[in-house]
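I have placed the structure first, in the form of C-alpha cells, so that the comments after it can refer back to it.
Numbering (our numbering), first residue to last: 3 to 174.
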C-alpha cells in the first residue's frame, strides 16, 4: 500500500456480506475542508440499521458506513481557519446542524447515512462539520462521542428540558 492509498470499507449492497475493504486514492480537501486520518471508529445501532437496509432503504451504493470516529487532521484547505494539521477531531454527525433546532430531515447531511461515513483510513469533511476531540479522552474513548453524546445532549437540552427536582432515568 503506497502513501497515497486509502483503504475504506464499502458496502455494495445491504447486509454484512456486502461490506468489503476497498483500496482508493487519498482524497484532497477542498478550500473549506479537512483531510482527517481516522484513528478510532465506534459502532452504534444506527450503523447496524443502515447496513441492514432498515434506516435508509434507498441508500446509494457503493457506500462507506459508520458515523462515529476520531481522527487527526493531516491537511487543510486554504480557507480553513478553525483547525490546524495535527489536531484531533470528531466528525459532527449531522454536518449542517452546528446549533439551534434540529434540521427537519435528520438524515439529509449525516455522516454514515446520506454522506459517506468514517470507516476509511482518510476522510474529508467541511471544517464546520468537525469539532475538537476532548484532550482528556483517548482515541478509543473519543470515538464513542458523536452519536452517544449528541443523543444525550438532545434528550436533555432539547427534548425534555428537565428542571431541578425532576428525576431522570439513564439506561445503559
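Cβ coordinates follow ideal geometry from the N, Cα and C atoms, glycine included.
Counting C-beta pairs closer than 8 Å gives fewer than three between the stretch 75-94 and the stretch 49-63, which falls short of the contact rule. Taking 8 Å as the cut-off, the beta carbon of residue 63 is found no closer than this to the beta carbon of residue 120. Here the stretch 129-141 makes no contact with the stretch 149-159; the two share fewer than three CB pairs at distances below 8 Å.
In the DSSP annotation of this structure, the continuous segment of the beta strand (DSSP E) that includes residue 36 starts and ends at 35-44. Excluding the 5 residues flanking it on each side, residue 65 has same chain C-beta neighbours closer than 8 Å at 12, 13, 118, 119, in chain order.
By the criterion of a C-beta distance shorter than 7 Å, residue 32 is surrounded in its chain by 79, once the five residues flanking it on both sides are discounted. Boundaries cannot be given for residue 159, as no beta strand (DSSP E) includes it and DSSP labels it neither H nor E. Per DSSP, the unbroken beta strand (DSSP E) holding residue 77 starts and ends at 70-78.
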